[in-house]
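Quick notes on the structure that follows.
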Amino acid sequence: MGMGPMRIGVDLGGTKIAATLLAPDGTERARYRADTPRGYAETLEALAGAVAALEERAGCRDATVGLCLPGIVDAAAGTVRAVNLPWLDGRPFAADLARALDRPVRIANDANAFVLSEAVDGAAAGAPLVFGIILGTGVGGGIVADRRILAGANALAGEWGHNPLPWRTAEDGPPLPCGCGREGCIETLLCGAGLARLHHRRTGESLAPPEIAARAAAGDAAARATLDRHADALARALAAVINLLDPDAVVVGGGLSDLPGLYEAVPVLWGRWALSPAPRTRFLRARHGAESGMRGAAWLWPKA
1 MGMGPMRIGV DLGGTKIAAT LLAPDGTERA RYRADTPRGY AETLEALAGA
51 VAALEERAGC RDATVGLCLP GIVDAAAGTV RAVNLPWLDG RPFAADLARA
101 LDRPVRIAND ANAFVLSEAV DGAAAGAPLV FGIILGTGVG GGIVADRRIL
151 AGANALAGEW GHNPLPWRTA EDGPPLPCGC GREGCIETLL CGAGLARLHH
201 RRTGESLAPP EIAARAAAGD AAARATLDRH ADALARALAA VINLLDPDAV
251 VVGGGLSDLP GLYEAVPVLW GRWALSPAPR TRFLRARHGA ESGMRGAAWL
301 WPKA
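In UniProt numbering, the protein residues as written are 1 to 304.
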């Protein structure tokens, strides 16, 4: 029985390239970091350099290569669109990268890679259907079924943050404009800025999310009440996902994934809104954190 391939996963961000080389069993053999260059040819060269460095450190050749980035990945066309990597726009990036590396490459959106990482060997390992959410500057998500990303016909699967917040109450505040051009989106309330706005509207205090979380953990009643309101909105938003997708697990990553009390509050609340009064869906903190993008990119080549 063969060992299977070594896998390289690359997380191409606006400021840095983070890459890992995984042994067939998923253990990390080498890691690489570099600054992201500005420019198309320079980016291809930097990615080729990352792959070569990892293979040299691990003493292997012919590893599979997967890559993720923050943007829209059109797998059929082999193109990507990323706001913070504008020089990739409209270029045949997948084909050019494959040529530079002399091997096929698989590319995914970084939120989808995050969910794949958690579904393969993270918090939701073994769960057949996983919905992953990223709560941070924005609100993103992705769907993995049987360890494969469901990208969707329009590469939009999992973009729950741009649906309207369901069962809205006066305590949520008025629907606010969203970056997508509409108003009242889930993202406007559940993102980091949304949490800060919620606290300001309730208390008059201007605090960043880490400060709200720290005060709540220290017993500040006003900060705790803000987090309770935020958790209630999150539970409603996810109840709609449970009704539509009914995942085995919801995995949470991003800057707001460590809010105190989150993993206790949400599963208690979402049964009030989901069609099942006591959903069996598990609500889990991501295991791999900031490494989930590059690990998920590596798993774009599934186990044989």
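For each residue, glycine too, the CB sits at the ideal point set by N, CA and C.
Which residues in the same chain as residue i place their Cβ atom closer than 7 Å to its Cβ, once the five residues preceding and following it in sequence are excluded?
| i | result |
| --- | --- |
| D102 | none |
| M294 | G9, V10, D11, A18, A19 and T20 |
| G2 | The predicted model places G2 with a pLDDT of 47, which falls under 50 and marks its position as unreliable; any figure quoted below should be read in that light. Answer for G2: no residue qualifies. |
| V51 | I8, V65 and L101 |
Between residue i and the rest of its own chain, which residues show a CB-CB distance below 6 Å, the 5 nearest in sequence each way excluded?
| i | result |
| --- | --- |
| N112 | G142 and I149 |
| N109 | V73 |
| W299 | L116 and V120 |
| A145 | L129 |
| V166 | In the sequence on display, residue 166 carries Pro and not Val. For P166, where only same-chain residues beyond five positions count, the Cβ hits under 6 Å are R236 and A240. |
| residue 309 | There is no way to answer for residue 309, as the model of the chain reaches only from 1 to 304. |
| G289 | none |
| I134 | A111, G140, G253 and G254 |
| residue 305 | Past the edges of the chain, shown from 1 to 304, lies residue 305, and the structure says nothing about it. |
| I107 | L67, V73 and A94 |
| L195 | P209 and H230 |
Would a C-beta distance cut-off of 7 Å place residue i and residue j closer than the cut-off?
| i | j | result |
| --- | --- | --- |
| A119 | V105 | no |
| G255 | C191 | no |
| L44 | L21 | no |
| R280 | A249 | no |
| A239 | I186 | no |
| V251 | A157 | no |
| F93 | G296 | no |
| A225 | G253 | no |
| G184 | P209 | no |
| R91 | Y32 | no |
| T64 | W301 | yes |
| L198 | L227 | no |
| A218 | T203 | no |
| E171 | R229 | yes |
| L234 | V266 | yes |
Would you mind reading off the limits of the alpha helix (DSSP H) that contains residue i?
| i | result |
| --- | --- |
| V268 | L262 to W270 |
| L21 | Looking at the DSSP string, L21 is not in any alpha helix (DSSP H); the run it does join, the beta strand (DSSP E), is K16 to L22. |
| E291 | Element bounds for E291: n/a, residue is neither H nor E. |
| A208 | It is not in any alpha helix (DSSP H) - A208 carries neither H nor E in the DSSP assignment. |
| G192 | G192 to T203 |
From which residue to which residue does the beta strand (DSSP E) around residue i run?
| i | result |
| --- | --- |
| T79 | T79 to R81 |
| R7 | R7 to L12 |
| R106 | V105 to N109 |
| L244 | L244 -> not in any beta strand (DSSP E); alpha helix (DSSP H) instead, spanning A221 to L245. |
| L129 | L129 to L135 |
| L69 | T64 to L69 |
| R33 | E28 to D35 |
| D74 | I72 to D74 |
| R282 | R282 to R285 |
| M152 | The question names Met, yet the displayed sequence has Gly at residue 152. Careful: G152 lies outside any beta strand (DSSP E) and carries neither H nor E. |
| E249 | Just to set this straight, residue 249 is Ala in the shown sequence, not Glu. First-last of the beta strand (DSSP E) with A249: A249 to G253. |
| G140 | V139 to A145 |
If residue i sits next to residue j, beta carbons under 8 Å apart, how far is it from one beta carbon to the other, in whole angstroms?
| i | j | result |
| --- | --- | --- |
| R81 | D89 | 6 Å |
| A231 | L189 | Between L189 and A231 the Cβ distance is about 12 Å, and since that is not below 8 Å, they are no contact. |
| G122 | S292 | 7 Å |
| A58 | A77 | Not really, about 32 Å apart at Cβ, beyond 8 Å. |
| L176 | L97 | Incorrect: roughly 39 Å between the Cβ atoms, too far for contact. |
Sorry if obvious, but does the Cβ on residue i come closer than 6 Å to a heavy atom of the ligand ADP?
| i | result |
| --- | --- |
| T79 | In terms of ligand content, the structure shown is empty, and the ligand ADP therefore cannot be addressed. |
Comparing the C-beta of residue i with each C-beta of chain B, is any distance below 7 Å?
| i | result |
| --- | --- |
| N112 | Looking for chain B here will not work: only one protein chain is present. |
Please go through the same chain and pick out, in chain order, the residues whose beta-carbon is closer than 8 Å to the beta-carbon of residue i, but skip the five residues on each side of it.
| i | result |
| --- | --- |
| R201 | G173 |
| K16 | R33, A34, D35 and T36 |
So, do the region 70-85 and the region 19-32 have three or more beta carbon pairs nearer to each other than 8 Å? no
Would you be able to state if there are at least three C-beta pairs under 8 Å between the region 228-243 and the region 274-292? yes
Give a yes or no on contact between the region 203-219 and the region 144-162, applying the rule of three or more CB pairs nearer than 8 Å. By the Cβ criterion, the region 203-219 is not in contact with the region 144-162, since fewer than three pairs of Cβ atoms, one from each stretch, lie closer than 8 Å.
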